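Visitor:
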Amino acid sequence: MAGHPISSVDPSLESKSRTTGEVVRRVSVFLTPYKGMAIANLSCALLAQGFAFVYPRLVQFLIDDVIQGKKAHLFIPTLLGLLGAFLFRDLFNSLRIRVNNVFEQNVIFDMRKVIFSRLQRLPIGFFDQRASGDLMTRVIEDVNSVERVLIDGTETGATALLAIVLGLFLLFSANPTLAWLGMVPIPILACGAYWYTSTAHTRYRAQRKAASAMNSMVMDALQGIRQIKAYNRHDFEDQRLAERASELRNGTLGVMRVWSIYSPAMAFAGALGTVLVLWVGGLQVIHGEMT
125 MAGHPISSVD PSLESKSRTT GEVVRRVSVF LTPYKGMAIA NLSCALLAQG
175 FAFVYPRLVQ FLIDDVIQGK KAHLFIPTLL GLLGAFLFRD LFNSLRIRVN
225 NVFEQNVIFD MRKVIFSRLQ RLPIGFFDQR ASGDLMTRVI EDVNSVERVL
275 IDGTETGATA LLAIVLGLFL LFSANPTLAW LGMVPIPILA CGAYWYTSTA
325 HTRYRAQRKA ASAMNSMVMD ALQGIRQIKA YNRHDFEDQR LAERASELRN
375 GTLGVMRVWS IYSPAMAFAG ALGTVLVLWV GGLQVIHGEM T
C-alpha cells in the first residue's frame, strides 16, 4: 500500500495545503487500469453528439429543398436519413451508458478497497479522534463524489466542448448575424456559472459536514443501544438526532435555495438569445432574405 497515492494522504484527510490539481492527480491514477473503457466511453459520447448535429441539417434540407422544391423522390430517403441519425445517436448513447456504468463501478470498487485498507493500517489514536460516521461518509459518499467528478465530469466536459465547436461552426456558416445574436447571453451565463461554482464549495461543505455529523450520531447510538436502554436516554438521543437532522435539512435547503434562483435565472438569460434570433431571423424570413 505504500506506493499507492491514497496511502500517502495525510491521516486527517483534510490537509488545507493540497491544491485541487494535486488531489485530482492523486485520485486520477484509479482511471489508469481502465484506459480502454475511458476511450470507449468518450468515443461513444462524441459520436452520439456528432449524430445529433445531423438532425438540424437534414431538417433544413427536408423543408427548404425537398418540401418547398416538391422533390418527391428525395422525401423518403431524407426521412430515412433522419431515422438513421436518430438510430445511431441513441445506439451510441446506449453503448456509452453501459460502458460508463462498468467503468465507474470498477473505479469506485478500487477506490473503496484502497481507502478501507489504508484506514485499517492507521494508528489507533487516529480513530480516537474521528467519529465512525464521518469515516463511513468518506468511504461511501465521498468516493461517489470523486467518481462523478473524474468520470462523468470529464465525459460531460468533452461532449460539451464538441457541441460548442460544432454548434458555432454550423451557426456561423449558416448565418453569422444570427450566430452573434445567439451568443449575446454568453457573458451573462459565464459570469453566473463562475459565481455559482466559486461559491458552491462553502454550501456543499456545510451540507456534507451536517450529513457526516448525523451519520456519526446514528452509528454511535446504534452501537451504544444497550447503554441507551439501560439509562433510559431515549428522549435525549431523540433530541440529538433532531438537532443533527435539522442541521442537515438547513444545509440541504441552503444548497437548493441558491439553485432555485441560479438555474431559472440562467435559463432566462439563455432564452434572451432565442428571442433575439427569432426576432431578427423572423424579419429576415418575412423580407425574403432567408429561408
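The numbering of the sequence shown is the numbering used here, which starts it at 125 and goes up by one.
Note that beta-carbon positions come from the ideal geometry of N, C-alpha and C, so glycine has one too.
Keep in mind the model is a prediction, meaning the values are calculated, not measured.
Less than 8 Å between the C-beta atoms of ALA369 and MET338, yes or no?
Guide: yes
Visitor: Whole angstroms is fine: what's the gap from LEU170's alpha carbon to GLU279's?
Guide: The straight-line gap from Cα to Cα measures roughly 9 Å.
Visitor: If you check the beta carbons only, do VAL223 and MET161 fall under 8 Å apart?
Guide: The beta carbons of VAL223 and MET161 sit closer together than 8 Å.
Visitor: What number of angstroms, rounded off, separates the C-alpha of TRP383 from the C-alpha of ALA335?
Guide: 19 Å
Visitor: Beta carbon of SER152: closer than 7 Å to some heavy atom of the ligand GDP?
Guide: No copy of the ligand GDP occurs in the structure displayed, which carries no ligand at all.
Visitor: What does the Cβ neighbour count give for PHE233, buried or exposed, with the cut at 16 atoms within 10 Å?
Guide: exposed
Visitor: Straight-line CA distance for SER340 to GLU371?
Guide: 14 Å
Visitor: Buried or exposed for ARG373, please, with buried defined as at least 16 other CB atoms from any protein chain shown within 10 angstroms of its CB.
Guide: exposed
Visitor: Report buried or exposed for PHE251, applying the criterion of at least 16 other Cβ atoms within 10 angstroms of its Cβ.
Guide: exposed
Visitor: Quick check: ALA172 and ASN217, are their CB atoms within less than 8 Å of each other?
Guide: yes
Visitor: If you check the beta carbons only, do PHE212 and PHE175 fall under 8 Å apart?
Guide: yes
Visitor: May I ask which residues mark the beginning and end of the alpha helix (DSSP H) holding VAL219?
Guide: The sequence given here has Leu at residue 219, not Val. 199-244 is the span of the alpha helix (DSSP H), which, as asked, contains LEU219.
Visitor: Hey, out of THR323, LEU305, GLY412, GLY394, whose CA is closest to VAL379's CA?
Guide: THR323
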